[in-house]
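Throughout the sequence shown, residue numbering follows the working numbering, covering 282 to 436 in sequence. Structure first, commentary second.
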Amino acid sequence: MRVQTIAKLILACGLVVLGAQTMTSVAQAQEGPVKLQGLRGGTPVNQDNPPAASHQERDHAVGDRDFVQQPPLIPHNTQGYQITRNFNKCMDCHAWGKTKASGATKVSVTHFRTGTGTELDNISPRRYFCTQCHVPQTDAKVLVDNTFTRARGLR
């Protein structure tokens, strides 16, 4: 008799949890899906972004890297930066011929090599879209607790 009572209690608890999950799902469905905003500001890939402002001040000190091959973080806002097949706003400051005047870091020599190691005289097409690897720094709070620690050689 006691086993049946426990089984009924477990079944009732399961039904309550299932009902709560269903109500949450219905509420989320009524609110609609979460809309994420990419660095292109919602502009489709086959369309150009409007040009950004001409000069960018640094928002953050240059951040440390946390692992050996980590691409550097961008220490300034890139909102509205135009990066298309024919124009890359980042090169206004980071191109080798412009870093002295802008004070920006030069694009790495690794960005001038093809996938097979051939040296080019301009940025390799596979490295042209900067924000595929480099992201702006932010002072955002950690969203998920974790135990990540920096690489030993970088501490």
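Where is the CB? At the ideal position from N, CA and C, for every residue including glycine. Keep in mind the model is a prediction, meaning the values are calculated, not measured.
So for R433, helix, strand or coil by DSSP?
As a working note, residue 433 is residue 152 in the sequence shown. Of the three classes helix, strand and coil, the one that applies to R433 here is helix, per DSSP.
Is it buried or exposed for D420, if we count other Cβ within 10 angstroms and need 16 for buried?
The residue labelled residue 420 in the question sits at position 139 within the sequence shown. Taking all protein chains in view, the Cβ of D420 is surrounded by fewer than 16 other Cβ atoms within 10 Å, so the residue is classified as exposed.
Using the three-state DSSP reduction, which class does P353 fall into: helix, strand or coil?
To locate residue 353, count along the sequence shown from 1; it is residue 72. Residue state, collapsed to three classes: coil.
Helix, strand or coil for I364, going by three-state DSSP, please let me know.
Taking the first residue of the sequence shown as 1, we reach residue 364 at position 83. If DSSP states are grouped into helix, strand and coil, I364 belongs with the strands.
Assuming contact is defined by CB atoms lying nearer than 8 Å, are D340 and P356 in contact in what I supplied?
Indexing the sequence shown from 1 puts residue 340 at position 59. Indexing the sequence shown from 1 puts residue 356 at position 75. In contact: D340 and P356 (Cβ atoms closer than 8 Å).
Bridge partners for P417 per DSSP, in chain order?
In the sequence shown, counting from the first residue as 1, residue 417 sits at position 136. Note: P417 sits in a beta bridge opposite I355.
Using C-beta distances below 7 Å, list every residue in its chain close to G396, excluding the 5 sequence neighbours before and after it, in chain order.
By 1-based counting over the sequence shown, the position of residue 396 is 115. The beta carbon of G396 sits closer than 7 Å to those of R407, all from its chain and outside the five residues before and after it, given in chain order.
For R394, the three-state DSSP class (helix, strand or coil)
For the purposes of this step, residue 394 is taken as the residue at position 113 of the sequence shown. R394 carries a strand assignment under DSSP once its states are collapsed to helix, strand and coil.
Could you check which residue in E400, Q418, S389, R321 has the C-alpha nearest to that of Q254?
Past the edges of the chain, shown from 282 to 436, lies residue 254, and the structure says nothing about it.
Quick check on the burial criterion: 16 or more other C-beta atoms within 10 angstroms. Buried or exposed for K289?
Position 8 of the sequence shown holds residue 289. By the neighbour-count criterion, in which 16 or more other beta carbons inside 10 Å mark a residue as buried, K289 falls on the exposed side.
A342: buried (16+ other C-beta within 10 angstroms of its C-beta) or exposed?
Mapped onto the sequence shown, residue 342 falls at position 61. Exposed, by the Cβ-count rule.
Report the partner residues of N427 according to the DSSP bridge assignment.
If you number the sequence shown from 1, residue 427 lands on position 146. Bridge partners of N427: none, in fact.
Would you mind working out which of T399, V349, N403, R366 sits nearest H375, comparing C-alpha positions?
In the sequence shown, counting from the first residue as 1, residue 375 sits at position 94. With distances taken between Cα atoms, H375 lies closest to N403.
Tell me whether A382 is buried or exposed, calling it buried when 16 or more other Cβ atoms sit within 10 Å of its Cβ.
Working through the sequence shown from its first residue, we reach residue 382 at position 101. Within 10 angstroms of the beta-carbon of A382 lie fewer than 16 other beta-carbons, which makes it exposed.
Contact set for S335: own chain, Cβ-Cβ below 8 Å, skip 5 residues either direction
Here residue 335 corresponds to residue number 54 of the sequence shown, with the count starting at 1. The predicted position of S335 is uncertain, since its pLDDT is 42 and thus under 50; a value taken from the coordinates is nonetheless stated next. In the same chain as S335, and ignoring 5 residues on each side of it, the C-beta atoms closer than 8 Å to its own belong to D373, in chain order.
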